[in-house]
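J.: The numbering of the sequence shown is the numbering used here, which starts it at 8 and goes up by one. Note that CB positions come from ideal geometry on N, CA and C, so glycine has one too. Got a structure for you, written out below as structure tokens; questions coming shortly.
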Amino acid sequence: MIRLNLKAIKSKTALAVCGLMLLAHGSPAQVMSQAMSQAVALKSQTLRYSIKYGKHNAGELEIVIERSQQQIKTTAISHLNILARMFITGLTVENWFDIEHEKVYLKSGHMLSHDHKTVERSFVIDRKQGLIKLQPGEQVIPINIEDIFESPAFPITLITSDIESIQGQTVREISPKRIREYVYLAPEQHTLELNDRRFETWKVTRQKLGDTTRTVTLWLDKNNQQIPVKIIATKKNKDTVMTLLPEA
């Protein structure tokens with residue numbers, strides 16, 4: 008049985024907040040171009056992250072981003088070592104995002120079996136009807152059409168948002184297994200030394216509503232499409248750390 012937090016929380020969209028801020032300082036054309044820039048900039052690419060669970064190296068996570076004019080697809084493939092498989096479930100997760108008016112919306116996702124041949128779980132977000140449909144079980148959950156959704160597999164919605172305006176924004180993190188609600192804390196500008204390189208980043212943390220010990224912190228490269236260069240997911244005082252690996 009899947010337990011879901013179904014409390015509907017109305018939140019402002021990042022685009023609306025961004026527009027209000029920019030209107031105070033620039034022309035409508037400037038507002039439009041800046042609000043669109045992150046969704047437009049994201050390109051097709053493959054990213055690899057090392058995974059560390061607690062003190063142990065766990066393997067790698069491969070993220071494939073496929074970008075078309077009106078849609079983004081992400082595929083997250085875990086390549087775990089034998090020890091890590093005792094504590095972490097190796098998965099392949101695919102998600103689809105629609106691009107409407109240069110804003111990105113999570114649309115659907117599914118979790119594949121280990122042989123990549125069978126869909127084990129899936130979800131579809133129908134914003135027109137205000138519903139989420141979960142399989143198996145044919146669960147139908149009502150939503151507010153203004154709700155913002157993010158995938159725990161890879162934060163496309165976040166990296167295509169206006170980071171400076173994200174503080175206090177509530178987001179529903181949805182996977183084929185469950186839905187959780189988080190709130191974004193104030194972003195920070197942070198210089199990060201990683202793999203003999205220096206990155207100018209936005210350090211962004213989202214915190215689970217009702218549980219301050221469960222957080223996800225991301226360092227987003229300000230100079231490269233806001234791609235995460237480091238991610239730390241904390242649960243029950245145990246960290247899973249993902250670090251972007253250099254291109255081969």
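State the DSSP-derived secondary structure class of Ile170, mapped to helix, strand or coil.
T.: Looking up residue 170 in the sequence shown gives position 163. In this structure, Ile170 counts as helix in the three-state DSSP scheme.
J.: What did DSSP end up calling Thr164 once you bin it into helix, strand or coil?
T.: Indexing the sequence shown from 1 puts residue 164 at position 157. Of the three classes helix, strand and coil, the one that applies to Thr164 here is helix, per DSSP.
J.: Taking just the CA atoms, how far does Gln232 sit from Ile108?
T.: The count along the sequence shown starts at 1 and reaches residue 108 at position 101. The count along the sequence shown starts at 1 and reaches residue 232 at position 225. Looking at the sequence shown, residue 108 is not Ile but His. Cα to Cα, the separation comes out at about 18 angstroms.
J.: Going by Cα to Cα distance, which pick from Leu98, Lys140 and Lys245 is closest to Leu68?
T.: Here residue 68 is taken as the residue at index 61 of the sequence shown, counted from 1. The candidate whose alpha carbon is nearest that of Leu68 is Leu98.
J.: Helix or strand or just coil, what does DSSP make of Arg92?
T.: Stepping through the sequence shown from its first residue, residue 92 is reached at position 85. DSSP places Arg92 in helix when its eight states are reduced to three.
J.: Who are the Cβ neighbours of Val248 in its own chain at under 7 angstroms, not counting the five residues just before and after it?
T.: The sequence position of residue 248 within the sequence shown is 241, counting from 1. These residues qualify, in order along the chain: Lys59 and Ile239.
J.: In chain order, what residues of the same chain have a beta carbon less than 7 angstroms from the beta carbon of Asp228, not counting five sequence neighbours either side?
T.: As a first step, residue 228 is located in the sequence shown; it is residue number 221 there, counting from the start. Taken in chain order, the residues that qualify are Phe206, Thr208, Ile234 and Val236.
J.: Beta-carbon within less than 7 angstroms of Ala48's beta-carbon, same chain only, minus the 5 sequence neighbours each way: which residues are those?
T.: If you number the sequence shown from 1, residue 48 lands on position 41. So the list reads Gln232, once near-sequence residues are dropped.
J.: Is it buried or exposed for His117, if we count other Cβ within 10 angstroms and need 16 for buried?
T.: If you number the sequence shown from 1, residue 117 lands on position 110. His117 should be labelled buried.
J.: What does a CB cutoff of less than 8 angstroms around His123 pick up in its chain, not counting 5 residues either side in sequence?
T.: Counted from its first residue, the sequence shown places residue 123 at position 116. The residues are Thr99.
J.: To which residues does DSSP link Arg128 through a beta bridge?
T.: Within the sequence shown, residue 128 is the residue found at index 121, counting from 1. DSSP, once it has assigned bridges, lists Met118 as partnering Arg128.
J.: Could you tell me the alpha carbon to alpha carbon distance between Gln146 and Ser57, rounded to whole angstroms?
T.: In the sequence shown, counting from the first residue as 1, residue 146 sits at position 139. In the sequence shown, counting from the first residue as 1, residue 57 sits at position 50. Rounded to the nearest angstrom, the two C-alpha atoms are 35 angstroms apart.
J.: Buried or exposed: where does Val211 fall if 16 or more other Cβ atoms within 10 Å of its Cβ makes it buried?
T.: Here residue 211 refers to the residue found at position 204 when the sequence shown is read from its first residue. With 16 or more other CB atoms across the displayed protein chains lying within 10 angstroms of its CB, Val211 is buried.
J.: Is Ile89 buried or exposed, if buried means 16 or more other CB atoms sit within 10 Å of its CB?
T.: Locating residue 89 in the sequence shown gives position 82, where the first residue counts as 1. So Ile89 counts as exposed.
J.: Rounded to a whole number of angstroms, what is the C-alpha to C-alpha distance between Arg1 and Ala193?
T.: Given that the chain is displayed from residue 8 to residue 255, the structure contains no residue 1 and the question cannot be resolved.
J.: Of the residues Val71, Thr219, Tyr112 and His63, which one's Cα is nearest the Cα of Asp154?
T.: The residue you call residue 154 lines up with position 147 of the sequence shown. Answer by Cα proximity: Tyr112.
J.: Quick one: give me the first and last residue of the beta strand (DSSP E) that Ile181 is part of.
T.: Translated into positions along the sequence shown, residue 181 becomes position 174. First-last of the beta strand (DSSP E) with Ile181: Thr177 to Ile181.
J.: Whole angstroms are fine: how far does the CA of Thr222 sit from the CA of Asp203?
T.: For the purposes of this step, residue 203 is taken as the residue at position 196 of the sequence shown. For the purposes of this step, residue 222 is taken as the residue at position 215 of the sequence shown. Each residue's alpha carbon lies about 27 angstroms from the other.
J.: How long is the line joining the alpha carbons of Asp246 and Ala65, rounded to whole angstroms?
T.: Within the sequence shown, the letter at position 239 stands for residue 246. Within the sequence shown, the letter at position 58 stands for residue 65. Cα-Cα distance, rounded: 12 angstroms.
J.: Considering only residues of the same chain and omitting the five flanking positions on each side of Phe161, which have a CB-CB separation below 7 angstroms?
T.: Position 154 of the sequence shown, counting from 1, holds the residue named residue 161. Same-chain partners within the cutoff: Ile70, Thr81 and Ala83.
J.: Starting from Asn230, follow its DSSP beta bridges and name the residues at the other end.
T.: Here residue 230 corresponds to residue number 223 of the sequence shown, with the count starting at 1. None; Asn230 has no bridge partner.
J.: Determine the burial state of His86: buried for a count of at least 16 other Cβ atoms within 10 Å of its Cβ, exposed for fewer.
T.: Here residue 86 refers to the residue found at position 79 when the sequence shown is read from its first residue. The residue is exposed, with fewer than 16 neighbouring Cβ atoms inside 10 Å.
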